[in-house]
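Report on one structure; see the data block that follows.
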Amino acid sequence: MRIHQESIGVRTKGKGTFEITDQIQAIVQKAKIAVGTVTIFVQHTSCSLIIMENADPTARHDLEAYFDRLVPENASYFEHDAEGPDDMPSHIRMVLTRTSEVIPISNGRMQLGTWQGIFLFEHRRAPHQRKILVTTIGE
Amino acid sequence: MRIHQESIGVRTKGKGTFEITDQIQAIVQKAKIAVGTVTIFVQHTSCSLIIMENADPTARHDLEAYFDRLVPENASYFEHDAEGPDDMPSHIRMVLTRTSEVIPISNGRMQLGTWQGIFLFEHRRAPHQRKILVTTIGE
Amino acid sequence: MRIHQESIGVRTKGKGTFEITDQIQAIVQKAKIAVGTVTIFVQHTSCSLIIMENADPTARHDLEAYFDRLVPENASYFEHDAEGPDDMPSHIRMVLTRTSEVIPISNGRMQLGTWQGIFLFEHRRAPHQRKILVTTIGE
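Protein sequence lines, in the order shown, are assigned to chains A, B and C. Okay, so the first sequence: first residue is 146 according to our numbering, each after it adds one. Okay, so the second sequence: first residue is 146 according to our numbering, each after it adds one. Okay, so the third sequence: first residue is 146 according to our numbering, each after it adds one.
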């Protein structure tokens, strides 16, 4: 049984989804475990993780449009707006999605389904440098 | 310290919640570890996992009705509808719930609270065969 | 490789967010592992876990106000109201947030980002005694 941990950086271009599946798979293969789990953790409160359909880009486009409607900017009752109108919505969108995700490993590879991809979901308008910690446990 | 992993299949009857608590508990007991965790992972992008009140079926009925309103079919701005009007809402409902869940094990059993059950939440109208990977880690 | 598990109790004062970061960090340090993960699991269906901005209290206030609007009490179609008008909304708010969260450990400490805090999100109006299981795995 052994543990491997490393961090990856993701440069976002502002609001949107950025696929990180290949970077996570590369770390899993480097960890050289046959069976186990990989834990992905994003160290921020204004972006998040999602697992999403990665074949048709319109699916992600629709998802982003949905979240823009579900958590609107400039809600009259928001008090926390020190960093602008996208500040508070970014925290709420993060809470509604995920900060950690745990994915099984077998045969030395992360076992995603056929259509699953892992994405960083950036909720701020401005580009950001984001940090993700990846921890594999297995044997 | 040891790892046990196996997959289970769940046949859904279309939209709704399908309890899998007993199947997961059976795998945990087969793994014969006293203390640890069990990671549950659903390999799809149009169904998801939830932990929910499992005593009164009306609670799940209300939850399903809520999600039908929260993520309506036929939103005018959806472009991704290749598989029908329930296609895009199914991805969004998946993102708003969970793909992985990690539950503690002690005394050889999964430690759910008194009212907690684990459910596969099917978001497509048609029945589907779904695959879930279950990984226990412990000693 | 070793496992450490213990439970913590949280006394809530009714609806709102209650920070538990220090209690989790204390358990992680007691576990004396250099690298690994900590799994946090809440054993209830009417409260949940969130990771949230912990510097400015208005951010949490806005989040709570948002959830009050997103999942209103007294929706006409709710049938499950045996415990009052906050009963069914509490289950839905739980499903929309998290029951388990897995956070990496390195250098003997939980690796949260600068602004991240861990909170129990109480969804019931009345004060409750809540139970959380904390499991560390590492070496």
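Backbone N, C-alpha and C define an ideal beta-carbon position, used for all residues, glycine too. Treat the numbers as computed from the prediction; the structure is a model and nothing was measured.
> What residues in the stretch 252 to 278 of chain C bring their beta carbon closer than 9 Å to a beta carbon of chain A?
Replying inline: Gln256, Leu257, Gly258, Thr259, Trp260, Gln261, Gly262, Phe266
>> I want to see whether chain A comes within less than 8 Å of C/Gly249, judged by CB atoms only; does it?
In response: Position 104 of the third sequence, counted from the first residue, corresponds to residue 249 of chain C. Before going further, note that residue 249 of chain C is Pro rather than Gly in the sequence given. Interface residue, yes.
> Residues of chain A with a CB under 7 Å from the CB of B/Met233: which are they?
Replying inline: Residue numbering aside, residue 233 of chain B sits at position 88 when the second sequence is read from its first letter. Within chain A, the residues near B/Met233 are Ala204, Asp207.
>> Run through chain A and tell me which residues come within less than 8 Å of C/Val180, C-beta to C-beta.
In response: Walking along the third sequence from the start, residue 180 of chain C turns up at place 35. Within chain A, the residues near C/Val180 are Ile148, Gln150, Thr280.
> Are the stretch 235 to 245 of chain B and the stretch 171 to 187 of chain B in contact at 8 Å, needing three or more beta carbon pairs?
Replying inline: Yes, since at least three Cβ pairs between the stretch 235 to 245 of chain B and the stretch 171 to 187 of chain B fall closer than 8 Å, the two stretches touch.
> Near B/Ile148, which residues of its chain fall below 8 Å by C-beta distance, leaving aside the five closest residues on each side in sequence?
Replying inline: Walking along the second sequence from the start, residue 148 of chain B turns up at place 3. Around B/Ile148: Thr280, Thr281, Ile282.
> Fully enclosed by the stretch 182 to 217 of chain A, which beta strand (DSSP E) runs are 3 residues long or longer?
Replying inline: 192 to 198
> Do the stretch 261 to 281 of chain B and the stretch 155 to 165 of chain B make contact, defined as three or more Cβ pairs closer than 8 Å?
Replying inline: Yes: at least three Cβ pairs fall under 8 Å.
>> Using a Cβ-Cβ cutoff of 7 Å, what residues of the stretch 169 to 196 of chain C are near chain B? List them in chain order.
In response: Thr184, Phe186, Gln188, His189, Thr190
>> So the candidates are A/Leu278, A/Ile237, A/Gly154; which of them puts its Cα closest to the Cα of C/Phe212?
In response: On the third sequence, position 67 is the one that residue 212 of chain C refers to. Among A/Leu278, A/Ile237, A/Gly154, the Cα nearest to that of C/Phe212 is on A/Ile237.
>> Closer than 7 Å to a non-hydrogen atom of the ligand COA - does that hold for the CB of B/Ala271?
In response: Absence of the ligand COA is noted for the structure shown, with no ligands found whatsoever.
> How would you list, in chain order, the residues of chain C whose beta-carbon sits under 7 Å from the beta-carbon of A/Val240?
Replying inline: As a first step, residue 240 of chain A is located in the first sequence; it is residue number 95 there, counting from the start. Correct list: Ile195, Met197, Leu208, Thr242.
>> For a contact defined as C-beta to C-beta under 7 Å, what are the partners of B/Gly283 on chain C?
In response: Position 138 of the second sequence, counting from 1, holds the residue named residue 283 of chain B. By Cβ distance, chain C contributes Ile148.
> Is A/Phe163 close to chain C, meaning its C-beta is less than 8 Å from at least one C-beta of that chain?
Replying inline: Your numbering for residue 163 of chain A matches position 18 in the first sequence. Interface criterion not met: the Cβ of A/Phe163 is under 8 Å from no Cβ in chain C.
> Could you give the uninterrupted runs of the alpha helix (DSSP H) lying entirely in the stretch 223 to 275 of chain C, keeping only those of 4 residues or more?
Replying inline: 232 to 241
> Mind checking whether B/Val155 and B/Ile277 have CB atoms under 8 Å apart?
Replying inline: Reading the second sequence from its first residue, position 10 is the one you call residue 155 of chain B. Reading the second sequence from its first residue, position 132 is the one you call residue 277 of chain B. Taking 8 Å as the cut-off, the Cβ atoms of B/Val155 and B/Ile277 count as close.
> Between the stretch 171 to 180 of chain C and the stretch 251 to 259 of chain C, are three or more C-beta pairs nearer than 8 Å?
Replying inline: yes
>> Please state the DSSP three-state secondary structure of B/Val279.
In response: Taking the first residue of the second sequence as position 1, residue 279 of chain B is located at position 134. In the three-state scheme derived from DSSP, where H, G and I count as helix and E and B as strand, B/Val279 is classed as strand.
> Which bits of chain A does B/Phe223 rub up against, with CB to CB less than 7 Å?
Replying inline: Locating residue 223 of chain B in the second sequence gives position 78, where the first residue counts as 1. Under the 7 Å cutoff, chain A gives Asp207.
>> So if DSSP puts A/Gly161 in a beta bridge, which residue, or which two residues, is it bridged to?
In response: On the first sequence, position 16 is the one that residue 161 of chain A refers to. Looking at the DSSP assignment, A/Gly161 forms a beta bridge with A/Glu267.
>> So B/Glu246 contacts chain C; which residues on that side make the cut at Cβ distance below 7 Å?
In response: Working through the second sequence from its first residue, we reach residue 246 of chain B at position 101. Simply Thr244, Ser245.
> Roughly how many angstroms lie between the CA atoms of C/Arg151 and B/Pro249, to the nearest whole one?
Replying inline: Along the third sequence, read from residue 1 onward, the residue named residue 151 of chain C stands at position 6. Along the second sequence, read from residue 1 onward, the residue named residue 249 of chain B stands at position 104. In the sequence as presented, Arg is not what sits at residue 151 of chain C; that position holds Glu. Looking at the two C-alpha atoms, the distance is approximately 10 Å.
> If you drop the 5 nearest sequence neighbours on each side, which residues of the same chain put their C-beta closer than 8 Å to that of B/Leu257?
Replying inline: Reading the second sequence from its first residue, position 112 is the one you call residue 257 of chain B. Same-chain partners within the cutoff: Thr166, Ile196, Ile248, Ile263.
>> Would C/Glu218 and C/Pro230 qualify as a contact pair, given that the criterion is a beta-carbon distance under 8 Å?
In response: Counting from 1 along the third sequence, the entry for residue 218 of chain C is found at position 73. Counting from 1 along the third sequence, the entry for residue 230 of chain C is found at position 85. Yes. Within cutoff.
> Mind checking A/Ala204: buried by the 16 CB within 10 Å criterion, or exposed?
Replying inline: Taking the first residue of the first sequence as 1, we reach residue 204 of chain A at position 59. Buried.
> Who are the near neighbours of C/Leu272 in its chain, counting only those whose CB is closer than 6 Å to its CB and skipping five residues on each side?
Replying inline: One-based indexing of the third sequence puts residue 272 of chain C at position 127. Checking the displayed sequence, the identity of residue 272 of chain C turns out to be Pro instead of Leu. Closer than 6 Å at Cβ, skipping near neighbours: Thr157, Lys158, Gly159.
>> Based on DSSP bridge pairs, tell me the residues matched to A/Ile148.
In response: Sequence index remark: in the first sequence, residue 148 of chain A carries index 3 (1-based). A/Ile148 pairs with A/Ile282.
> Looking only at DSSP bridge pairs, what is B/Ile172 linked to?
Replying inline: Position 27 of the second sequence, counted from the first residue, corresponds to residue 172 of chain B. Per DSSP, none; premise fails for B/Ile172.
> What separation, rounded to the nearest whole angstrom, lies between the Cα atoms of A/Gln261 and A/Gln168?
Replying inline: Here residue 261 of chain A is taken as the residue at index 116 of the first sequence, counted from 1. Here residue 168 of chain A is taken as the residue at index 23 of the first sequence, counted from 1. Each residue's Cα considered, the two are about 14 Å apart.
> Do you know offhand how far A/Gln233's Cα is from C/Ser235's?
Replying inline: Here residue 233 of chain A refers to the residue found at position 88 of the first sequence. Here residue 235 of chain C refers to the residue found at position 90 of the third sequence. Correcting the residue identity first, residue 233 of chain A is Met in this sequence and not Gln. In a straight line, the C-alpha of A/Met233 is about 22 Å away from that of C/Ser235.
> Excluding the five sequence neighbours on either side, which residues of its own chain have a C-beta within less than 6 Å of the C-beta of B/Met146, listed in chain order?
Replying inline: By 1-based counting over the second sequence, the position of residue 146 of chain B is 1. Contacts found: Glu284.
> Below 8 Å between beta carbons: does that hold for A/Leu208 and B/Val216?
Replying inline: The residue given as residue 208 of chain A occupies position 63 in the first sequence. The residue given as residue 216 of chain B occupies position 71 in the second sequence. Against a cut-off of 8 Å, the Cβ pair of B/Val216 and A/Leu208 comes out as no contact.
> So C/His206 and A/Glu164 are in contact, right, with Cβ under 8 Å, and what is the actual spacing, rounded?
Replying inline: Within the third sequence, numbered from 1, the residue matching residue 206 of chain C stands at position 61. Within the first sequence, numbered from 1, the residue matching residue 164 of chain A stands at position 19. About 34 Å separates the two Cβ atoms, so there is no contact after all.
>> Determine, for C/Asp201, whether the minimum Cβ-Cβ distance to residues of chain A falls below 8 Å.
In response: Numbered from 1 along the third sequence, position 56 holds the residue referred to as residue 201 of chain C. True, the Cβ-Cβ gap to chain A drops below 8 Å.
> Does the distance from the C-beta atom of B/Arg275 to that of B/Cys192 stay below 8 Å?
Replying inline: Locating residue 275 of chain B in the second sequence gives position 130, counting from the first residue. Locating residue 192 of chain B in the second sequence gives position 47, counting from the first residue. The beta carbons of B/Arg275 and B/Cys192 sit closer together than 8 Å.
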